[in-house]
Amino acid sequence: MKNVYDPQEIEARWQGFWEEHRTFRAPNPGEPDFDADQPKYYVLDMFPYPSGAGLHVGHPMGYIGSDIVTRKKRMEGFNVLHPMGYDAFGLPAEQYAIQTGQHPAKTTEVNVATYRRQLKLIGLSYDWSREFATSTPDYYRWTQWIFARLYDRGLAYQTEVPVWWCEGLKTVLSNEEVIGGRSERGDHPCVRRPLKQWMLKITAYADRLLDDLGDVDWPESVKTMQREWIGRSEGAEIEFAIADHEGETLKVFTTRPDTLYGATFMVVAPEHPLVAALVTDEQSKEVEAYVQGAAVKSDLERTDLAKDKTGVFLGAYGLNPMLDAGDPEARVPIYVADYVLMGYGTGAIMAVPAHDERDFEYAQKFGLPIRPVVRPVDGDASSEGCTSNDGVSVNSPAWDGMPTEKAKPRSIAVLEKRGCGAGKTTYRLRDWLFSRQRYWGEPFPVLHHADGSTSRVPDEALPVELPEMQDFAPPEDGSPPLSKATDWVNTTHPSTDEPVLRDTDTMPGWAGSCWYYLRFMDAHNDQEPFSHDAVRYWQNVDLYIGGTEHAVLHLLYARFWHKVLYDEGLVPTKEPFQKLFNQGMLTAYAYKDPTGRLVPVDEVEFDGDTAKSGGQELEQVIAKMSKSLRNVVNPDEVCKEYGVDTFRLYEMFMGPLSDSKPWNPRDVPGCRRFLDRVWRIFVDEDGTDPVRPQFAQADAPPSALEGDTLEVERALNRCLKRVDDAFKHFNFNTAIAAFMSFLNEAKPREAITRDQAERFVRALSPFAPHVSEELWSRLGHDESVARAPWPEVREEFLVEDQFELVVQILGKVRGRAQASKEASKDDLEEIARAAVAEKLDGREIVKTIVVPGRLVNFVVK
RNA sequence: GGGGAAGUGGCGGAAUCGGUAGACGCAUCGGACUUAAAAUCCGAAGGGCCGUAGGCCCGUGGGGGUUCGAGUCCCCCCUUCCCUACCA
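The numbering of the first sequence is the numbering used here, which starts it at 517 and goes up by one.
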């Protein structure tokens, strides 16, 4: 038997073993080896988009963390579902395909193979039998099927909407994919255009998406982001009549109906339908130019930091419904300005410059009157400046003297009575723009009839497969690539044989990830998306691990679909992801020369601790891994040089899973040294026995432990306790530190018994599974350590009878003494006094604080 | 502008409750082994001061406060990172 620690050999062999024995397969209800008494636990990683670059060391951080949890849960007797797949539809594959002429199905396949190889290399204990990619017809058939459910419920509709059109990508993008007027992917400029698009009515679920956040165990920061994204705000809609336009009214939304008397002008968005009707001849030229400008050129400026308010007077006047039409104060000018957005509320506002910062700015710039109608609780209304704080209403006859929280409902009641307004809740959340004019996505299972009506493809005719196309580049006119597949587009209705046209849009990249966690429960079902039995057993995801970048979009979309499926009676739970954990970002070191230039890592020379380049000393800073800095680390190389187990340990040893932290290549060997030491404790590298003789025989029962072996037992239990604790907060760095400490403490090595060694290996196995399997097997076990029981902490060995008593004078440590855990407060004080006797000499003790088991503090004069 | 997270040695980080700051690891230095080196093993080490044993002072971004005692709690400020951006 080869006795030198050889990670390459051990790791390849055990990965082969796991594959051969299907060690990590999770049986489903109905399968022969399914045990209904075993509790379930579902640990899910946010599955990757398989890019051409493969994994870098940042990606597997969360995967390793979840794998450790998974492996421990398995050892604790849970039936653990831990699958992996690929989010394989999307823009980058298609862009790459267009550039290289390769079909995206082909490049996706190649990329998936790379990801699979790398994921397997890391020894992640997925149930690979459940693996799938969202771009295969077997999967997207059911994505289309779920879309059909949304369609049937009226939650999917087509409408002409002004959408972000990206000329560079030749597609529409959702609001979320456009940042500052440029595409998130590729950074191309975008413009707004009216186009017919598929929308999903996520707004119908706004309240439930908001309220049910109370039921999930998620980081507060993510919940907050979702709440703000949904952005529920309560207020009122108020109708303003328009002077000289009989019958025409302008409806506004406000959260401060109590400030209605302070409205001194109104503003409508440039896209507001009434702009054309209200503008006077005199103003028409200027208004037209402004509206044009807002639509075309100002995409950047409108969202830009340039908060300088612009706008144009329409020439028309609104009439404040609370004032007599003849009152000159009732007549308020109406402006068109781009700080009001068509997509929110009614696209029109009443402007109350005394109590709204934005209106105040506008009023200042255009010299409009400012009329305060709220005074601070303890002061007078100031005629200058602006405050949006609550206070007490003034100059508001119908609710004068009322505090803001009372004035709001009161004003709504008054408006309702007069028939010119009503309470109203609006949301920042918009309906979800769900179509893309692209090739590489799920086709919509929808047929267009000659009379302009639509129907959906019957369920039994799914999937609607993507047609094979050679040229899938978007046509110049902006029509979808699928429109070029004329044989595919022109078809007949499966039931009626009527000639119909297929819908030529495809679904956005988010679609496939909306329900993949459900498909994993029953990944190869060809009758339904997932069986009732499977989802009844697996329920939902117990632990979902991924990065914060999905805090809003993916998690909100998936929750939305889940709730629709809940309403369909297809899932038993209201929420898909019970506990969410965000791993931190992996950064890297970068080096700055004295001029502040970042120096690529391969140009840096290390002289001990100081980094240099061309004789200049460099400053070490933390930066993202990037190609340009050449500081991207590939897991393949790390695994090759040090071994997979070392790689896994280092990824976890860097710090808490939730923290962002820098990869330091110089720290990696420390983890390898630890594994070398573990190996040598078990195995005599110069010998030929599988393990050292002391581990080859059975031990005395733990109750008979004494001497050094007893000390080892204590150290082991301290270690196991700290390892258990690490799972509470996912700070596995402390677990690994505990293993290292145990090694430092367990001396002499000969005192370690076989039983202790076995428990150590079992505890180590989720972290360093390959070397643990090898040692476990060398200890004489035929079965994988993956199913061995998790070692329990034996509390009786955590109890220490002695401790080091700290003696303080005025809160500063002035001495130490050994004391018994049993000692009374008086005893401890006595011991402490003796320990610092000469320092207390001549000083008067005013007070003594005794903390049993810890310290004594003398307060002296 | 708004929201969130964080700031501890040369570096990554540790410190359930307010109770020995710096565990564990890296880098560094010293010793053992070796012809030598590597590897390994043992040991030192926050900073400053007092010739030493030992002791004293300072020290968790800065400044105040509460407390016998603060990395931890409260107030003010600074810095970094992430998210968000006229949502009426």
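Glycine included, C-beta positions come from ideal geometry on N, C-alpha and C.
Values in this document were obtained by computation on a predicted structure and should not be read as measured data.
Residue j beta carbon less than 8 Å from that of residue i
i	j	result
V784	V852	yes
F1093	L716	no
Y878	A867	yes
L597	D643	yes
L1236	V1194	no
D1318	Q1334	The residue asked about is misnamed: residue 1318 is Gln in this sequence, not Asp. Cβ distance < 8 Å, so Q1318 and Q1334 count as in contact.
V752	G937	According to the sequence provided, residue 752 is Ala. The question's Val does not apply to it. Closer than 8 Å, so yes.
K589	Y1053	no
G702	L726	no
P576	P1151	yes
Y631	P564	yes
L662	P773	According to the sequence as given, residue 662 is Ile; it is not Leu. Not a contact, by the Cβ cut-off of 8 Å.
I1061	F1169	no
R698	S641	no
A1231	M591	no
V807	P786	yes
Q713	L729	no
Burial state of residue i (16 or more Cβ within 10 Å)
i	result
T1002	exposed
N1006	exposed
Q660	buried
E610	buried
L821	For L821, the pLDDT reaches just 45, beneath the cut-off of 50, and the residue's location in the model is therefore unreliable, although a value from the coordinates is still provided. By the neighbour-count rule (16 or more Cβ atoms within 10 Å), L821 is not buried but exposed.
V1329	exposed
P844	exposed
K825	buried
F1046	buried
V520	exposed
F550	exposed
D815	Interpretation of D815 is limited by its pLDDT of 48, a score under 50 that renders its predicted location unreliable; no figure is taken from the coordinates.
G778	buried
P997	buried
A870	buried
K1263	exposed
V1199	buried
R1018	buried
G917	exposed
A1353	exposed
Residue interval of the beta strand (DSSP E) (run including residue i)
i	result
C706	C706 to L716
W681	A672 to C682
L776	Taken as a continuous stretch (DSSP letters only), L776 belongs to no beta strand (DSSP E), as it is neither H nor E.
I1365	I1361 to V1367
E1354	Looking at the DSSP string, E1354 is not in any beta strand (DSSP E); the run it does join, the alpha helix (DSSP H), is A1353 to L1356.
R1278	Unbroken run through R1278 is the alpha helix (DSSP H), R1270 to L1280; no beta strand (DSSP E).
L945	Taken as a continuous stretch (DSSP letters only), L945 belongs to no beta strand (DSSP E), as it is neither H nor E.
T1020	No beta strand (DSSP E) holds T1020; DSSP gives it neither H nor E.
V768	T765 to T770
Q660	Where Q660 is concerned, there is no enclosing beta strand (DSSP E), although the alpha helix (DSSP H) it sits in stretches over P653 to D668.
Boundaries of the alpha helix (DSSP H) in which residue i is found, first to last residue
i	result
H1297	Taken as a continuous stretch (DSSP letters only), H1297 belongs to no alpha helix (DSSP H), as it is neither H nor E.
V628	P620 to L637
E921	T920 to R934
M1256	F1248 to E1261
P523	P523 to H537
G1028	W1026 to S1029
E753	Looking at the DSSP string, E753 is not in any alpha helix (DSSP H); the run it does join, the beta strand (DSSP E), is R748 to I758.
Q611	L607 to T616
Integer-rounded CB distance, given that residue j should sit under 8 Å from residue i
i	j	result
L1191	F1283	That pair is no contact at about 10 Å.
K940	F756	Their Cβ separation, rounded to whole angstroms, is 15 Å, which puts K940 and F756 out of contact at 8 Å.
E1360	V1376	6 Å
I638	V1184	I638 to V1184, Cβ: 15 Å. No contact.
L884	I758	In fact, because the Cβ distance is near 18 Å, the residues do not count as touching under 8 Å.
W1026	L1069	7 Å
Can you list the alpha helix (DSSP H) stretches of 4 or more residues lying completely in the stretch 554-591, in chain order?
-> 576-591
Can you list the alpha helix (DSSP H) stretches of 4 or more residues lying completely in the stretch 1155-1240, in chain order?
-> 1160-1169 and 1184-1198
Starting from the N-terminal side, write out each stretch of the beta strand (DSSP E) that is 3 residues or longer and does not extend beyond the stretch 809-896.
-> 828-835, 847-852 and 864-867
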